[in-house]
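If you're matching positions, the sequence shown starts at 2 in the working numbering and goes up one per residue.
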Amino acid sequence: MINRTNEEAMFKLEMKSHLTQIMMDARKIVDSLDQTEQCLLCELESLHDQFNEMHAEASSFYLQAYMEEFTPGFAQFSLAIENLSKQKHGALIVIQRRDEVEDYIQKGTNLHAKISASLIESIFYPGNPLHDGALLVKENTLVSAANVLPLTSKKVSPSLGTRHRAAIGLSGMTDALVLVVSEETGKMSFAKEGVLYPLTVKDQEIRK
């Protein structure tokens, strides 16, 4: 618990430093707006890049924090969904936490396999009979695949597909985390408490 508290304190200090730098850079942009030689688009792109870097750090940090008490497989999931994202292979992964989720889903095919990035990627490879459904994870086990999740009844963006609506639905009924990779865009996200958060996996060493 002390280690987690220290990590979070260090993380927040780092975020504060990033935000302070962004505010200073934004102030410089405001002060130089009247300069004809200024490349405003270049300056804005720089701020955009800084925010993206912060987002990558924050999304990875908090997802690991939400998962680590309930499964030791964060590094394997991170690697798997990043590779699936690059290939635009859709994926839906349920990480069970305290609440049992099987009463809320339509059970698929039993696996009871050890967590591994390569197995997760193969499950969601297009054409695999198990790819069109959700993978259920409990602790250090891939329990089952091709599970059907309840769709949210909330009004959501028309751009969100079935996987995203299923992730929002189940995470709104239980405390499960649901990881999603979009087949159309390759974008990654995770759902918690019925809310969908964009996810960026930063190229950095996973915290031990």
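Glycine included, each C-beta is placed from N, C-alpha and C at the ideal position.
Residue environment: F78 is assigned as buried (16 or more neighbouring CB atoms within 10 Å of its CB, all protein chains considered). A residue is called buried once 16 or more other Cβ atoms fall within 10 Å of its Cβ, and F52, having fewer, is exposed. N111 is bridged by DSSP to S145. Separation of M189 and R28 (C-alpha to C-alpha, rounded to the nearest whole angstrom) is 32 Å. Contact between A177 and I96 holds: their C-beta atoms lie close to 6 Å from each other, under 8 Å. At a Cβ-Cβ threshold of 8 Å, A147 and T175 do not count as neighbours. Annotation: S190 is outside any alpha helix (DSSP H); the continuous beta strand (DSSP E) that includes it extends over 189-193. In this structure, C43 is the residue among C43, A66, H113, A10 with its C-alpha nearest to the C-alpha of D26. Look at L45 here: in three-state DSSP terms it is helix. Inter-residue distance for L41 and S33 is about 9 Å (C-alpha atoms, whole angstroms).
Closest by C-alpha distance to G173, out of G162, G187, L150, is L150.
A contact is defined here as three or more CB-CB pairs under 8 Å, and the stretch 54-66 fails this definition with respect to the stretch 130-146. By the Cβ neighbour-count rule, M68 is buried, with 16 or more other Cβ atoms within 10 Å of its own. The C-alpha of E9 is placed about 27 Å away from the C-alpha of V182.
Membership of L178 in the beta strand (DSSP E) is indicated by the continuous run 178-182. For K139, there is no enclosing alpha helix (DSSP H); the enclosing beta strand (DSSP E) covers residues 135-139.
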